[in-house]
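Novice: Protein chains in written order, with full-length UniProt numbering: chain A, 1 to 232; chain B, 1 to 232; chain C, 1 to 232; chain D, 1 to 232.
For glycine and all other residues, C-beta sits at the position ideal for the given N, C-alpha and C.
Given the structure is predicted, the values throughout are model-derived calculations rather than measurements.
Number of protein chains: 4
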Amino acid sequence: MNYKDIREECVASNKELQSLGLIDITFGNVSVLDPAAGVFAIKPSGVPYDALTPEQMVIVDLEGKIVEGDLRPSSDEPTHRRLFIELGDKGITSVVHTHSRNAVGFAQAERSIPCLGTTHCDYFRGAVPVTRPMTVEEVEGAYEWETGNVIVELFSEVNPLEVTAALVRNHGPFVWGKNGAKAVETAFALEIVADMAAKTLALNPAAAGAPAHLLKKHYDRKHGPGAYYGQK
Amino acid sequence: MNYKDIREECVASNKELQSLGLIDITFGNVSVLDPAAGVFAIKPSGVPYDALTPEQMVIVDLEGKIVEGDLRPSSDEPTHRRLFIELGDKGITSVVHTHSRNAVGFAQAERSIPCLGTTHCDYFRGAVPVTRPMTVEEVEGAYEWETGNVIVELFSEVNPLEVTAALVRNHGPFVWGKNGAKAVETAFALEIVADMAAKTLALNPAAAGAPAHLLKKHYDRKHGPGAYYGQK
Amino acid sequence: MNYKDIREECVASNKELQSLGLIDITFGNVSVLDPAAGVFAIKPSGVPYDALTPEQMVIVDLEGKIVEGDLRPSSDEPTHRRLFIELGDKGITSVVHTHSRNAVGFAQAERSIPCLGTTHCDYFRGAVPVTRPMTVEEVEGAYEWETGNVIVELFSEVNPLEVTAALVRNHGPFVWGKNGAKAVETAFALEIVADMAAKTLALNPAAAGAPAHLLKKHYDRKHGPGAYYGQK
Amino acid sequence: MNYKDIREECVASNKELQSLGLIDITFGNVSVLDPAAGVFAIKPSGVPYDALTPEQMVIVDLEGKIVEGDLRPSSDEPTHRRLFIELGDKGITSVVHTHSRNAVGFAQAERSIPCLGTTHCDYFRGAVPVTRPMTVEEVEGAYEWETGNVIVELFSEVNPLEVTAALVRNHGPFVWGKNGAKAVETAFALEIVADMAAKTLALNPAAAGAPAHLLKKHYDRKHGPGAYYGQK
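1) Would C:P129 pass as an interface residue toward chain D - the criterion being a Cβ-Cβ separation below 9 Å?
2) Quick one: is the Cβ of B:Y49 within less than 8 Å of any heavy atom of the ligand SAM?
3) Using a beta-carbon distance below 9 Å, is D:P48 in contact with chain A?
4) How many whole angstroms separate the CB atoms of A:E16 and A:V184, which I take to be in contact at a CB cut-off of 8 Å?
5) Put B:F27 into one of helix, strand or coil per three-state DSSP.
6) Taking Cβ positions only, does B:L20 come closer than 9 Å to chain C?
7) Could you tell me which of C:D195, C:V139, C:V175 and C:H80 sits nearest to residue 240 of chain B, measuring between CA atoms?
8) Buried or exposed for B:P78, going by 16 or more other Cβ atoms inside 10 Å?
9) With the cut-off set at 9 Å, would you say C:A109 and D:L201 are in Cβ contact?
10) Along chain D, which residues have their Cβ under 8 Å away from the Cβ of A:R111?
11) Excluding the 5 residues flanking B:G126 on each side, which residues of the same chain have their C-beta closer than 8 Å to its C-beta?
12) Taking buried to mean at least 16 other C-beta atoms within 10 Å of its own C-beta, is C:K199 buried or exposed?
13) List the endpoints of the continuous beta strand (DSSP E) containing C:D61.
14) Going along chain C, which residues have a C-beta under 7 Å from B:L71?
15) If you draw a straight line from the C-alpha of C:E146 to the C-alpha of D:R169, how long is it?
16) Could you check where the beta strand (DSSP E) with C:H99 kicks off and where it finishes?
17) With a floor of 3 residues, list each beta strand (DSSP E) that falls wholly inside the segment 63–147 of chain A, ordered by position along the chain.
18) With a threshold of 9 Å between beta-carbons, can C:I25 be considered close to chain D, or not?
19) Evaluate contact between the segment 175–191 of chain B and the segment 88–106 of chain A, counting only Cβ atoms and requiring at least three cross-stretch pairs below 8 Å.
20) For C:G117 and C:A210, which I take to be in contact (beta-carbon distance under 8 Å), what is that distance rounded to the nearest angstrom?
21) Would you report the Cα separation of D:P129 and D:S31, rounded to the nearest angstrom?
22) Out of curiosity, what's the CA-to-CA distance linking D:Y123 and D:H218?
23) Suppose only complete runs of 3+ residues qualify. What are the beta strand (DSSP E) ranges in the segment 167–215 of chain D, listed by chain order?
24) Check distances from the C-beta atoms of the segment 174–188 of chain A to those of chain D and list, in chain order, the residues that come in under 8 Å.
25) Can you find the residues in the same chain that come closer than 7 Å, C-beta to C-beta, to D:L62, ignoring five residues on each side of it along the sequence?
26) So what does DSSP say about D:D50, is it helix, strand or coil?
27) What residue range is occupied by the uninterrupted beta strand (DSSP E) comprising B:A37?
28) Which bits of chain D does C:G148 rub up against, with CB to CB less than 8 Å?
29) Cβ of C:G105 less than 9 Å from any chain D Cβ?
30) For a cutoff of 9 Å on Cβ pairs, would you count D:N14 as touching chain A?
31) Any Cβ of chain D within less than 9 Å of the Cβ of A:T200?
32) Figure out for me which residue from C:H120, C:P44, C:G148 and C:C121 has the closest Cα to the Cα of C:P133.
33) So with Cβ pairs under 9 Å, would you call C:G117 a contact of chain B?
34) Would B:G172 count as contacting chain C if we go by Cβ distances under 9 Å?
35) Determine, using beta carbons only, whether C:P211 comes closer than 9 Å to chain B.
36) What do you get for A:G226, buried or exposed, if any count of 16 or more other CB atoms within 10 angstroms of its CB means buried?
Structure, rendered in structure tokens:
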């Protein structure tokens with residue numbers, strides 16, 4: 001068995017999705033990239049999380065060729081791949097997709113998740129954007145690859161290293177990070193802030209949100225050069 | 001003990017309803033049809049799920065006669081039977097009824113569950129419809145049989161093999177499938193999409209929903225002739 | 001130890017409140033009446049549910065005298081007593097009080113819980129009413145006894161054997177039944193129908209509710225002379 | 001190891017936050033003051049709750065000097081300290097901070113939690129207030145200390161011994177009490193009343209709330225000189 005490290009990280013991260021209550025049935029998947037080898041491990045399609053083994057992970061290269069694996073990869077594999085092509089050389093080695101319910105609520109409402117407070121600021125430097133509608137051609141063509149493309153389009157306006165998630169319209173969230181554990185944690189934080197934002201907007205549909213200085217302060221104290229949250 | 005297979009599948013599926021959190025108290029039931037024998041196994045009325053045994057399942061034929069069983073069948077038995085008469089020769093061998101809370105929310109609001117995103121598209125080819133109001137005569141007459149009739153009326157506009165669920169107005173969901181496990185999974189998916197739809201409509205009461213090409217794409221990639229979701 | 005039966009039923013029912021998730025901290029209590037002896041057992045005030053023992057239950061007579069017990073009874077004791085005086089000779093031997101969150105939502109919104117569907121009809125023959133505001137004199141006087149009085153006032157319009165619960169305005173639900181297990185089950189059903197009603201009203205603020213013939217049908221099939229729900 | 005008592009109380013209270021479901025990831029912390037020694041124990045920053053040990057707690061004095069500890073204290077340490085300086089001589093020896101979701105909903109909606117019913121009255125003598133917006137200078141300066149200051153500003157209008165919590169705008173709740181267990185219980189009660197208040201306002205945006213005499217009655221029967229809730 002080759003690619004043991006990314007296979008094991010991929011299994012552990014997929015199982016963590018389930019432990020955190022982020023997925024129902026088989027609605028979600030994690031992939032983990034080995035940047036040096038130019039391949040990633042991804043969950044096989046439609047297989048329950050409980051019984052996943054490192055051997056079952058499918059190893060795919062950046063052209064979409066299955067390098068190792070007897071099972072079909074997640075049908076979302078081209079979306080993950082598109083993101084690794086864009087972000088792999090920027091230190092992103094894991095992509096997570098879920099249908100977590102509050103984040104899906106925003107995606108189906110065709111709304112970005114606004115930055116309403118410090119919980120959000122601690123994870124995302126600004127609103128988590130929703131993609132534009134996909135065209136008939138995109139949906140009927142290489143659908144999952146085009147799904148990656150509409151996410152990547154957002155990066156002209158949003159820094160993907162500071163806002164490490166996006167909502168695919170009428171679908172749900174994709175999240176990325178420097179490793180599987182971090183990407184899954186961010187997917188969990190996204191669902192939490194979506195829940196908080198829904199509660200907030202129910203109480204005050206015109207909530208102004210966190211001011212820019214509060215966003216900068218919280219984001220930087222955790223992620224900036226002078227970060228002082230957590231241990232050294 | 002005859003009809004061992006459908007008795008066991010019926011017990012397992014009823015217990016799975018409880019494991020998935022789809023029922024409270026004794027508000028739900030699953031039945032399983034043996035099409036060759038023309039009989040189905042159904043949960044006895046008002047009996048808790050934990051202690052259900054295959055022996056307790058009630059075996060009923062398609063005329064409503066109890067073929068085997070010392071206990072009363074679920075009071076909803078005629079509704080299940082009506083659906084088996086309509087759908088049994090189309091490969092449907094299990095019917096599930098729950099009072100899962102979000103699906104009931106739509107049924108009580110007298111609204112169909114609109115198709116707002118891909119989670120819905122993956123299970124149902126379009127909105128999950130709500131039945132018309134039942135007349136005084138229908139309610140005071142053969143109520144549970146007539147409940148089946150108002151569901152069957154919907155099939156003039158909705159293909160019951162593509163939208164495998166309906167909401168009985170002011171009541172709750174009935175769901176069907178090719179076996180007990182699949183029908184229960186669909187009842188779970190229905191509750192999930194109802195939850196997501198409620199969250200969506202709270203954020204955007206005018207949400208446009210998944211466009212037709214997205215619905216077709218997702219439904220077909222899982223259920224169409226060229227399906228590529230899951231394993232071969 | 002006298003009154004062993006009602007002490008044990010009282011402990012079991014109080015613990016069941018917690019198992020069902022109906023109470024937080026110590027926000028709830030169950031009492032059980034021995035009609036022949038003219039006394040009831042009630043939870044001691046402020047004591048956690050986990051460690052409750054039959055010996056700790058406080059035995060109170062219908063004049064409010066503590067017959068047996070080293071601990072203070074629940075501060076709501078006079079409300080329970082007022083209800084037993086009114087309903088004890090009608091077969092009601094248990095009273096439950098909770099602060100279950102959805103039922104409290106209606107009580108604080110100063111709204112009755114309307115009968116919107118069959119889940120409600122199966123338990124309550126019509127809306128679960130909310131009490132009138134209590135006067136300054138009532139609150140500053142024998143507050144907990146007066147709380148019982150405003151509940152009893154509702155019985156001029158609602159049959160307490162058919163609608164076995166009420167919401168005390170700006171407070172929460174009181175529920176009663178023929179024994180502890182049944183009263184607790186009804187308190188659980190009340191919270192479920194309150195949750196469903198809140199979800200329904202969010203989707204359709206003008207929801208018409210279950211028509212009278214549907215209410216009669218469901219209530220009677222479970223509670224009427226020709227009841228056919230459950231086992232004989 | 002010095003300060004064993006406050007270290008142990010601090011660990012137990014932090015773990016209790018997690019058991020009660022009040023925190024996600026590492027979004028919360030408890031501190032415990034030793035008033036005689038003029039120091040407090042506080043959770044180290046970014047460390048998971050499961051593995052916390054008394055040795056890891058950081059001991060800080062009231063000038064902010066780390067007296068004992070190898071780890072960084074919670075980044076919120078100056079907020080806790082500001083509150084101990086204000087309230088330590090009034091019997092407050094524990095401060096709790098969480099991002100519990102319903103309380104955050106109000107903080108992000110920039111609304112106080114109104115006193116809508118007796119659950120609230122039992123814990124807080126009136127609305128739980130939200131702080132004013134912090135200025136750019138406050139956020140860019142000694143941010144966490146200034147966070148304490150905007151909470152303390154509220155005490156000109158609210159008695160901090162009767163309303164033992166505040167919502168920091170666009171952030172979340174801070175709660176205090178006479179010891180760690182009580183402060184954590186109050187943080188839990190705050191989340192419960194926030195949940196109930198959100199449910200209430202969804203059903204009746206103009207809910208009038210608990211009248212003054214009801215608030216006084218409930219607060220006093222639990223906290224006043226003639227309190228009769230709980231055991232002597």
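Specialist: Judging by the given coordinates:
1) no
2) The model depicted lacks the ligand SAM and carries no ligand whatsoever.
3) Residue-level contact by beta carbon fails for D:P48 and chain A, as no gap is shorter than 9 Å.
4) 5 Å
5) Of the three classes helix, strand and coil, the one that applies to B:F27 here is coil, per DSSP.
6) Residue contact check for B:L20 against chain C: no CB pair falls below 9 Å.
7) Within the shown structure, residues of chain B are numbered from 1 to 232, placing residue 240 of chain B beyond reach of any answer.
8) buried
9) yes
10) Those do not exist, as A:R111 stays about 16 Å from chain D at its closest Cβ, beyond 8 Å.
11) C115, V158, E162, V163 and L215
12) buried
13) V58 to D61
14) Q231
15) 40 Å
16) Counting along the chain, C:H99 sits inside no beta strand (DSSP E), nor does DSSP assign it H or E at all.
17) 66–68 and 94–98
18) For C:I25, the nearest CB of chain D lies under 9 Å from its own CB, placing it at the interface with that chain.
19) no
20) Contact between C:G117 and C:A210 holds: CB atoms are separated by about 6 Å, below the 8 Å threshold.
21) D:P129 and D:S31 have their C-alpha atoms some 22 Å from each other.
22) 9 Å
23) 172–177
24) E185 and F188
25) Same-chain partners within the cutoff: G38, R81, F84 and I85.
26) coil
27) Per DSSP, B:A37 lies in no beta strand (DSSP E) segment and is marked neither H nor E.
28) Simply none; closest approach about 15 Å.
29) yes
30) no
31) yes
32) C:G148
33) yes
34) yes
35) yes
36) exposed
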